[in-house]
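Asks: Provided herewith is a single structure, encoded as structure tokens, for subsequent inquiry.
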Amino acid sequence: MGLIERLGKRFRAEFISRIVTVIAGGALLVILARLLDPDNYGLLFLAISILEVTKYISRLGIGSSAARYIAEYKETNPGQLPHILRFSFLLNIISIIVVCFILFSTHEKIAILIGESDLIPLLLIGILFVAFATILRYVRKTLQGFESIEASAVLYSTNSIIRFLLAVGLVMLGYGAIGALIGYIVAFAVTSLVGLMYLYIHHYRNTESECREPNLRRRIAEYTIPLTATDTATVIDNRFDILLVGYFLGPLAVAYYTIGKQIVTFLEAPMSALGFTLSPSFEVQKEKGNVEKAARLYEQALTHSLLLYIPAAAGLILVAEPMLEIVFGETYTGAAPVLQVLAIYAVLQAVTKLTSDSLNFLGRARSRAIAKGITAFANVIMNILLIPLIGVVGAAVATVISYSFYTLANVYIMQLEFDIRIDWLLHQFMIIIIITVAMSVPVYLTVSYISGFVSLFLVVIIGIVMWLVLVIGSGMVDLRRAVSILK
């Protein structure tokens, strides 16, 4: 089986996993929005935002650092792999204990600082959320380093299914936001422990350990520094805006902003799958001396990603308001302007999902951390300025402006690693814009007829069919080859 076929098989597994997660997550989002009132819904996701921030701190880039060295040594010196796994796991457990103790000591103060005392019980039980979510992240990243994408995909989708069933079930039983959060925690606990068992049986127990290389532990620990800096900046960039929206505008605005970001997250599923699959392969191909092959692989992946996401963003902008009213209810139509702005963010995310994790495997975590730090700082400043001026839409505008810089920086750093043909990419980009405009015309003309699920579905189908005709007609995608790779 050739490289493209292997990558296709891995991508299919990860993509199916992401689709399952998108469906389960989307259903959870909609059902919770229906079962919980807007204030409790906003409170739940405000708590989750705080816990996600804490989770970023607890993982310290350790899993990503381990994955980078696993990808390197599994080709050149497999005897070092047990040392990498032992040290990185111990390091992560220590970080989890420290961070969870700090959260336990400060959870009441955090809730009072934000001005929402109802957060206190959510943050207290959220300590378990942080612990098990961090372990699951570690397992997923190390399996990625081994290129065990299929196993990682099973864990990812299983977590989302368990989370959906338990969160919805507990809310329906009357446990409210706390019940939903417990559903999250149990899902993380089950899948993280199963993942650790799989990692031990398949990648640790049967690998013969050799004498540890000098400075291996130091190198793993040192590489976590730029990764931690990037994670910290990511927290500020992705989560601080929600906290600022909650601080300035309250839980209802958080609900609007959360729905917009959640929909964008669901749209990221294909790119998240592709980026997760390809990232270790770039390092492996570089180690083998196949730099030219890696460059062409990146170009094709980036082009096809934009071919999917730019038209999708245009369609989302056009149908945002009727879609929100039909799917979430009239209460949430106020989220439409937020979603329309964040549709641009979805395109930027498509590029970074493919590029940023690859840079970690290529040893460019420091450069990426600098770019991310600048982005996060700019995002916070713009949020503080724009939210009081134009409300929750200001947070979305700040995100798009700041993230545009980060996206360009990622592509530039990748260009330094590989000989990327910028002129060729720009030519492809212009063709994609033409396809997007042509696809948008029939959607724009029919969007006013949307009155329910059926008409919304038909308008979306019109856009998809038009897009397929244009894509195949332009020759940008060889349909037969694409189907054969994914089979």
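Position one of the sequence shown corresponds to residue 276 (the numbering used here), numbered consecutively onward. Every residue, glycine too, gets a C-beta built ideally from N, C-alpha and C. The model shown is predicted, which means the values in this text are computed figures rather than measured ones.
DSSP on C486, reduced to helix/strand/coil?
Replies: Reduced to three states, the DSSP call for C486 is coil.
Asks: Find the nearest neighbour of I495 within the set M689, I665, Y331 and R361, judged by alpha-carbon distance.
Replies: It is R361.
Asks: Hey, out of L303, S339 and F603, whose CA is closest to R639's CA?
Replies: Nearest option by C-alpha distance: S339.
Asks: Note down the Cα distance separating L761 from G525, rounded to an integer number of angstroms.
Replies: The pLDDT assigned to L761 is 47, lower than 50, so where the model puts this residue is not dependable, and the model offers no usable value.
Asks: Take S467 as the anchor and find which of V374, F404 and L634 has the nearest alpha-carbon.
Replies: Here the closest residue by C-alpha is F404.
Asks: Secondary structure at S677, three-state DSSP: helix, strand or coil?
Replies: The answer is helix: DSSP assigns S677 an H, G or I state.
Asks: In whole angstroms, what is the alpha-carbon distance linking F557 and E347?
Replies: Approximately 11 angstroms between the Cα atoms of the pair.
Asks: Near S631, what residues of its chain come up, given a Cβ to Cβ distance below 7 angstroms and the 5 sequence neighbours on each side ignored?
Replies: R643 and N685.
Asks: Under a Cβ-count criterion, where at least 16 other Cβ atoms within 10 Å of its own Cβ denotes burial, should P663 be classed as buried or exposed?
Replies: When all chains shown are included, P663 counts as exposed.
Asks: Name the residue from I725, T499, V446 and T409 whose alpha carbon lies nearest to the alpha carbon of L311.
Replies: Cα-wise, what sits closest to L311 is V446.
Asks: Whose C-alpha, out of V429, E543, T674 and H478, is nearest the C-alpha of F421?
Replies: If we check each option's Cα against that of F421, H478 comes out closest.
Asks: Relative to the alpha-carbon of D516, which residue among T674, Y620, Y431 and R285 has its alpha-carbon at the smallest distance?
Replies: Of T674, Y620, Y431 and R285, the residue nearest in Cα terms is T674.
Asks: For C486, count neighbouring C-beta atoms within 10 Å of its own C-beta (all shown protein chains included) and say buried if the count is 16 or more, exposed if not.
Replies: It is exposed - the Cβ of C486 has fewer than 16 other Cβ atoms within 10 Å.
Asks: Helix, strand or coil for I760, going by three-state DSSP, please let me know.
Replies: Reliability of the predicted coordinates at I760 is poor, the pLDDT of 47 falling under 50, and no value is obtained from them.
Asks: Here's the rule I'm using: 16 or more other beta-carbon atoms within 10 Å means buried, otherwise exposed. How should G763 be labelled?
Replies: This structure does not reach residue 763, given that the chain is present from 276 up to 762, and the question cannot be answered.
Asks: What three-state label does DSSP hand G470 in the structure shown?
Replies: Note: G470 maps to helix in three-state DSSP.
Asks: Rounded to whole angstroms, what is the Cα-Cα separation between E391 and S363?
Replies: About 37 angstroms.
Asks: Please return the same chain residues whose Cβ sits closer than 7 angstroms to the Cβ of V465, not counting the five positions on each side in sequence.
Replies: Within the same chain, V465 has close Cβ partners I437.
Asks: Excluding sequence positions up to five away, which residues of its chain have a Cβ less than 8 angstroms from the Cβ of E574?
Replies: Correct list, in chain order: I695, R696, W699 and L700.
Asks: Rounded to the nearest angstrom, how far is the Cβ of V594 from that of L399, given a contact under 8 angstroms?
Replies: Between L399 and V594 the Cβ distance is about 41 angstroms, and since that is not below 8 angstroms, they are no contact.
Asks: Provide the residue span of the alpha helix (DSSP H) that contains P357, from first to last.
Replies: Taken as a continuous stretch (DSSP letters only), the alpha helix (DSSP H) holding P357 covers L356 to I389.
Asks: What does the Cβ neighbour count give for V744, buried or exposed, with the cut at 16 atoms within 10 Å?
Replies: With fewer than 16 Cβ atoms within 10 Å of its Cβ, V744 is classed as exposed.
Asks: Taking the runs of the alpha helix (DSSP H) that are 4 residues or longer, which of them lie wholly in the segment 532 to 617?
Replies: With a minimum length of 4 residues, the continuous alpha helix (DSSP H) runs that stay inside the segment 532 to 617 are 544 to 562 and 566 to 603.
Asks: Return helix, strand or coil for G750, following the three-state DSSP convention.
Replies: Three-state result, G750: coil.
Asks: Measure the C-alpha to C-alpha separation of A406 and A342 and round it to an integer number of angstroms.
Replies: If you take the alpha carbons of A406 and A342, they lie about 20 angstroms apart.
Asks: Taking just the CA atoms, how far does Q690 sit from I747?
Replies: Their backbone Cα atoms lie some 29 angstroms apart in a straight line.
Asks: Rounded to a whole number of angstroms, what is the C-alpha to C-alpha distance between N654 and S554?
Replies: One C-alpha to the other measures close to 26 angstroms.
Asks: Counting pairs of beta carbons, one from the segment 294 to 301 and one from the segment 424 to 439, are three or more of them closer than 8 angstroms?
Replies: Yes: the two stretches touch, three or more of their Cβ pairs being nearer than 8 angstroms.
Asks: Can you tell me the Cα-Cα spacing of Y316 and Q615, whole angstroms?
Replies: Taking the straight line from one Cα to the other gives about 21 angstroms.
Asks: So A455 and A442 are in contact, right, with Cβ under 8 angstroms, and what is the actual spacing, rounded?
Replies: That pair is a contact at about 4 angstroms.
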